[in-house]
Amino acid sequence: METFLHQVIAGLATGGIYASVALALVMIYQATHHVNFAQGEIAMFSTYIAWSLIQAGMPYWVAFFLTIVIAFVLGVLVERIIVRPVEQAPVLSVVVVFIGLLVIFNSLAGWIYTYTIKTFPSPFPEKPPFGTHLVSSHEIGAVGVTLVVLALLYSFFRFTPLGLAMRAAAQNPESSRLVGIRVGWMLALGWGLASAIGAIAGMMVAPIVFLDPNMMSGILLYAFAAALVGGIDNPGGAVLGGFIVGVLENVLGAYVIGNDLKLSVALVLIIGVLVIRPSGLFGRVHVTRV
Amino acid sequence: MAALLQVAGLHAAYGLTRVLHGIDFALEEGSITALLGANGAGKTTTLRALCSMVKVEGEVHFDGARIDGRATEDIVRLGIAHVPDGRGTFTHLTTEENLRLGAYVRRDKSSIAQDFERIYGYFPRLKERRHQQAGTLSGGEQQMLAVSRALMLRPKLLLLDEPSFGLAPLIVREIFAIMREINKTEKVSILLVEQNAAMALDLADHAYLIETGRVVLSGTSEDIKKDEAVRRSYLGY
Chain L
2 METFLHQVIA GLATGGIYAS VALALVMIYQ ATHHVNFAQG EIAMFSTYIA
52 WSLIQAGMPY WVAFFLTIVI AFVLGVLVER IIVRPVEQAP VLSVVVVFIG
102 LLVIFNSLAG WIYTYTIKTF PSPFPEKPPF GTHLVSSHEI GAVGVTLVVL
152 ALLYSFFRFT PLGLAMRAAA QNPESSRLVG IRVGWMLALG WGLASAIGAI
202 AGMMVAPIVF LDPNMMSGIL LYAFAAALVG GIDNPGGAVL GGFIVGVLEN
252 VLGAYVIGND LKLSVALVLI IGVLVIRPSG LFGRVHVTRV
Chain Z
14 MAALLQVAGL HAAYGLTRVL HGIDFALEEG SITALLGANG AGKTTTLRAL
64 CSMVKVEGEV HFDGARIDGR ATEDIVRLGI AHVPDGRGTF THLTTEENLR
114 LGAYVRRDKS SIAQDFERIY GYFPRLKERR HQQAGTLSGG EQQMLAVSRA
164 LMLRPKLLLL DEPSFGLAPL IVREIFAIMR EINKTEKVSI LLVEQNAAMA
214 LDLADHAYLI ETGRVVLSGT SEDIKKDEAV RRSYLGY
């Protein structure tokens with residue numbers, strides 16, 4: 002029983018990471034109706050930036066927030082310079098651009114920082130909390146950070162004029178222009194926010210999986226599964242989906258299919274959801290009047 | 014009275030299909046001006062051209078400044094509110110959020126709150142439905158919402174595209190009456206596009222008749238009503 006509980010709790014902890022990457026995916030999907038395959042690599046690259054800042058002697062939390070700002074700017078620049086010119090292009094061209102970005106960021110990180118695995122510090126205490134060994138302080142901290150990010154995002158979209166404008170621009174660009182919203186900038190802002198969220202996820206996952214240029218590839222797959230399970234157009238659903246995928250992956254990996262086949266859980270989930278319930282558990286089913 | 018809006022030699026095309034072949038018209042400050050014409054004459058395109066929603070050639074002057082070629086978002090900031098064809102409702106947002114978006118470019122936060130009350134005064138039904146998702150409103154309510162969203166900008170000029178489209182005559186009359194009141198009391202100039210020529214001529218001071226992308230007749234509403242050809246083709250008696 003104790004080990005089962007451990008698997009579930011560890012699943013929730015990794016689920017928190019999947020949740021934040023899934024959240025970043027959903028953000029860009031909502032704003033642009035594109036699935037950004039480079040999301041994980043941008044997160045990985047941002048984590049390397051944080052690592053450099055910490056190596057340069059910066060305190061952890063200063064480096065943490067500075068990295069978020071840098072990632073935000075990076076996201077905006079990628080949208081303005083690379084994604085914008087292909088805005089009107091067919092969806093496959095856009096996919097190719099995203100895969101190109103993925104490869105570029107991956108190689109860039111390998112070139113600058115080499116492929117040697119690096120340790121990344123955790124801001125949370127090393128001692129396990131409440132004297133239990135079920136879960137580490139870092140895992141609890143990471144879940145906490147994910148929930149804070151979700152709450153902040155929710156408040157931003159719900160209660161600020163800019164958040165409202167971003168939702169409007171995603172939904173009806175033409176009417177948005179007619180009320181004076183600069184739609185192009187809203188998309189760039191969405192990219193900035195998504196890559197900032199990705200950076201947070203990267204910094205939270207790096208102490209667990211260690212820092213190397215390929216650290217996000219598996220995570221991105223789980224995050225896709227999470228986003229699809231929750232509904233690709235529902236941020237809250239994506240977070241819940243992240244926790245569900247995390248727990249499923251851990252429990253199935255421990256008891257049913259073994260650790261080596263864990264990643265296939267994500268693939269089965271992706272295909273399963275797409276076949277049975279394409280809009281996800283909590284997604285909006287689109288009904289159109291004809 | 015000075016012309017608030019002056020349009021000269023306006024051309025527009027969708028791809029290779031030319032729709033406007035040099036439209037000229039003017040709208041006097043404080044007036045209601047109607048653009049009349051049959052389906053496909055180019056009325057909607059003219060409105061879209063004024064807001065840079067289609068590529069245009071020609072000159073458009075508004076309030077003393079040349080505005081053709083400027084971005085839609087910037088034209089809105091000059092005080093032109095456009096109620097588009099199909100109403101342009103943000104269907105997934107609530108009624109209140111739709112109205113808040115209408116005031117997006119305004120910075121005078123305190124008077125925005127008053128404007129909500131003013132609008133709810135004109136259309137009490139929108140107040141009842143303010144937390145309802147806008148896509149679930151009836152056609153008439155959505156038209157009221159579209160007009161209200163435009164008014165939240167506190168525009169100098171209101172562009173109305175077929176406000177009567179698909180609505181019961183009773184509701185159309187209600188909306189037109191409020192348009193007249195807004196024009197009188199708030200000095201908002203209105204450019205109205207309508208297929209329903211009789212109603213448009215009752216509301217408007219001036220009218221232009223557009224046929225296949227050209228202005229073929231213009232004058233005061235009274236004169237146009239008396240025109241033999243208009244009476245037979247557009248008023249139907």
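For the record, the sequence lines run as chains L and Z. Read in my numbering, the first sequence has 215 at position 214, and its numbers run on one by one without any break. Read in my numbering, the second sequence has 112 at position 99, and its numbers run on one by one without any break. Just so it is clear, CB atoms sit at the ideal spot from N, CA and C, and this is done for glycine as well. Just so it is clear, the structure is predicted and the values come from calculations on it, not from any experiment.
K119 (chain L) is positioned such that its CB atom lies closer than 8 Å to that of F211 (chain L). Against chain L, the beta carbon of Y117 (chain Z) has neighbours under 7 Å at P162, A166, V180, G181, I182, listed in chain order.
Exclusion of the five residues before and after A32 (chain L) leaves A171, L188, G191 as the residues of its chain whose Cβ lies within less than 6 Å of its Cβ. In the assembly as shown, M45 (chain L) is a buried residue. Its beta-carbon has 16 or more other beta-carbons within 10 Å. Restricting attention to alpha helix (DSSP H) runs no shorter than 4 residues, the stretch 145 to 198 of chain L encloses them at 162 to 172, 174 to 179, ordered along the chain. A distance below 7 Å between beta-carbons, with the five flanking residues on each side excluded, links A84 (chain Z) to the following residues of its chain, in chain order: S65.
Taking the C-beta atoms as reference points, G41 (chain L) is found no nearer than 8 Å to G247 (chain L). The alpha carbon of P168 (chain Z) has as its nearest neighbour, out of Z:A62, Z:L23, Z:A16, Z:V89, the alpha carbon of Z:V89. Contacts with chain Z at 8 Å (Cβ-Cβ) do not include N235 (chain L). V144 (chain L) and A267 (chain L) have their C-alpha atoms spaced approximately 20 Å apart. Contact between the stretch 70 to 83 of chain Z and the stretch 20 to 39 of chain Z is established, with three or more Cβ pairs separated by less than 8 Å. In chain order, S138 place their CB closer than 7 Å to the CB of K128 (chain L), counting only its own chain and leaving out the 5 sequence neighbours on each side.
The C-beta of G193 (chain L) has 16 or more other C-beta atoms within 10 Å across all chains shown, which makes the residue buried. Restricting attention to Z:Y247, Z:L172, Z:R227, the CA atom closest to the CA of L40 (chain Z) is found in Z:L172.
The C-beta separation of L17 (chain Z) from S202 (chain Z) comes to about 5 Å, placing the pair in contact by the 8 Å criterion. The Cβ atoms of I233 (chain L) and A25 (chain L) lie no closer than 8 Å to each other. Distance from the CA of L150 (chain Z) to the CA of E110 (chain Z), rounded to the nearest whole angstrom, comes to 14 Å. Closest option to R178 (chain L), judged by alpha-carbon separation, among Z:F103, Z:D218, Z:G55: Z:F103. Where A210 (chain Z) is concerned, the enclosing alpha helix (DSSP H) starts and stops at 210 to 216.
In the assembly as shown, W52 (chain L) is a buried residue. Its beta-carbon has 16 or more other beta-carbons within 10 Å. Under the Cβ criterion of 8 Å, V89 (chain Z) is counted among the residues facing chain L.
In the three-state DSSP reduction, L212 (chain L) falls in the strand class (E or B). Here D236 (chain Z) carries a helix assignment [DSSP, helix/strand/coil]. When DSSP states are grouped into helix, strand and coil, G71 (chain Z) belongs to the strand group. Chain-ordered, the chain L residues with CB closer than 7 Å to the CB of H105 (chain Z) read Q172.
Taking a beta-carbon distance threshold of 8 Å, E88 (chain L) does not count as an interface residue toward chain Z. Looking at the backbone, the Cα of L166 (chain Z) and that of G92 (chain Z) are separated by about 7 Å. Secondary structure at T30 (chain Z): strand, using DSSP grouped into helix, strand and coil. Beta-bridge partners of L6 (chain L) (DSSP): none assigned. Apart from the 5 residues on each side of it in sequence, G148 (chain Z) sits with its Cβ closer than 6 Å to the Cβ of T104 in its chain, given in chain order.
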